[in-house]
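Everything on this sheet refers to the single structure shown next.
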Amino acid sequence: MTSTQREQNLMNTIEIIMSPAVSHLLEITAKTYSIDELEQCFLDPASSQPDFTSEPAWHDFVDQVSNAWKTNHHIVIRNMPTDNGMSTLLAALSLPARFKTYRGQKIVKHFKMSPWTEELSHTIKEGHFHTDINTAPIPPAATVIHCIKSDPDPKMGVSRVALLTDLINHLEEVGATETRKFLTETQVGMVDDRKHDAWSGLIVENDAIRFHPETLRAAARRLNSQPENLEAHLTQIHESALAVSEPIYLASGDAIFVSNKRALHYRGACTVKFTRFPREFQAREIYVLHLQEEPQWSV
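In the numbering used here, the protein residues as written are 1255 to 1553.
Here it is as structure tokens:
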């Protein structure tokens, strides 16, 4: 990351610099377990839990995370340790909620961007403003994205977060009433072609959003159930989300904690640097995990 990016002075996003004391706690704890042991530890209530959470430095960090989340529904954490996903998991304990599991009782997923895939999670193509796992009956409530290796080009792979309230307000301000109604009043379908999941309902309901342009388009192809002006709505939503968000550059060790109900998140186009064409290359790498409920901190 360049010095300019380090001194972003983000206007809308709260940044927390992880202290050396907290970073050390995570590193020491990560050396005590394997990633599989640590994941099972948090899935089995009978397992002994890491004891670093009683340390004053950790409590201070959790207070920072809690205050930022309650204010803004997303946070950038700088200077986290980088390892094989254990620090991702440990840092996410600052968001008290149950972890979502995947195949094989895994919590943490690893993604490396690639020029040879069309998979939305790790293609180098520009992504969309979206929420994760949006065709599930109950999507996860929060997402943690931990950058392990930044894009070879520090200007690429930019992240953005658009808060739902800001998005709706911007649509009103620019007179995009029909698009606001599309989000809040129109029954739509969403289809995940890869998982064969489907969902139907309101995109925005009870102050929460589920949204992805590609699952809406897949439903239009398969179910023919979307409004004729779907593409116009998607374009307007993208433009408004850009207008109310700001570029966030993640260096190695930086993370975004973001609500999967109160915000849309986005990742711009990435690059790769080939070390041996076509299969060996440097690229952006991240760890991702999800929380099933919105975090609730004890008073």
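Backbone N, C-alpha and C define an ideal beta-carbon position, used for all residues, glycine too.
Please read all numbers here as calculations on a predicted model, not as lab measurements.
Our two residues, residue 1334 and residue 1479, have alpha carbons roughly 44 angstroms apart in a direct line. When the five nearest sequence neighbours on each side are left out, the beta carbons in the same chain lying within less than 8 angstroms of the beta carbon of residue 1548 are those of 1351, 1395, 1396, 1513 and 1515, in order along the chain.
Each residue's CA atom was taken as its position, placing residue 1370 and residue 1379 some 10 angstroms apart.
For residue 1314, the uninterrupted alpha helix (DSSP H) run begins and ends at 1310-1326, by DSSP.
Taken in chain order, the unbroken stretches of alpha helix (DSSP H) that lie wholly in the segment 1462-1521 and span 4 residues or more are 1467-1477 and 1484-1498.
Among the bridge pairs identified by DSSP, residue 1530 is matched with 1534.
Remark: three or more beta-carbon pairs, one from each stretch, lie closer than 8 angstroms, so the segment 1382-1393 and the segment 1442-1451 are flagged as touching. Annotated three-state conformation of residue 1362 is coil, per DSSP. Secondary structure of residue 1436 (DSSP, three-state): helix.
Contact check for residue 1330 and residue 1510: beta-carbon distance about 6 angstroms, within the 8 angstroms limit, so the pair qualifies.
The continuous beta strand (DSSP E) containing residue 1452 extends over residues 1451-1456. When DSSP states are grouped into helix, strand and coil, residue 1291 belongs to the helix group.
Judged by DSSP in its simplified three-state form, residue 1340 adopts helix. Under the three-state reduction of DSSP, residue 1407 is assigned to coil, being neither helix nor strand. Using a 10 angstroms sphere on the CB of residue 1463, the tally of other CB atoms reaches 16 or more, which defines it as buried. For residue 1523, no alpha helix (DSSP H) segment is defined, and its DSSP state is neither H nor E.
Residue 1465 is positioned such that its CB atom lies closer than 8 angstroms to that of residue 1385. Look at residue 1377 here: in three-state DSSP terms it is strand. In the displayed model, residue 1349 falls within coil according to three-state DSSP, outside both helix and strand. Look at the beta carbons and you see the segment 1359-1366 not touching the segment 1490-1501: under three pairs across the two are nearer than 8 angstroms. Restricting attention to 1444, 1362, 1327 and 1471, the CA atom closest to the CA of residue 1416 is found in 1327.
A residue is called buried once 16 or more other Cβ atoms fall within 10 Å of its Cβ, and residue 1288, having fewer, is exposed.
Here residue 1393 is buried, its C-beta having at least 16 other C-beta atoms within 10 Å. In the three-state scheme derived from DSSP, where H, G and I count as helix and E and B as strand, residue 1446 is classed as strand.
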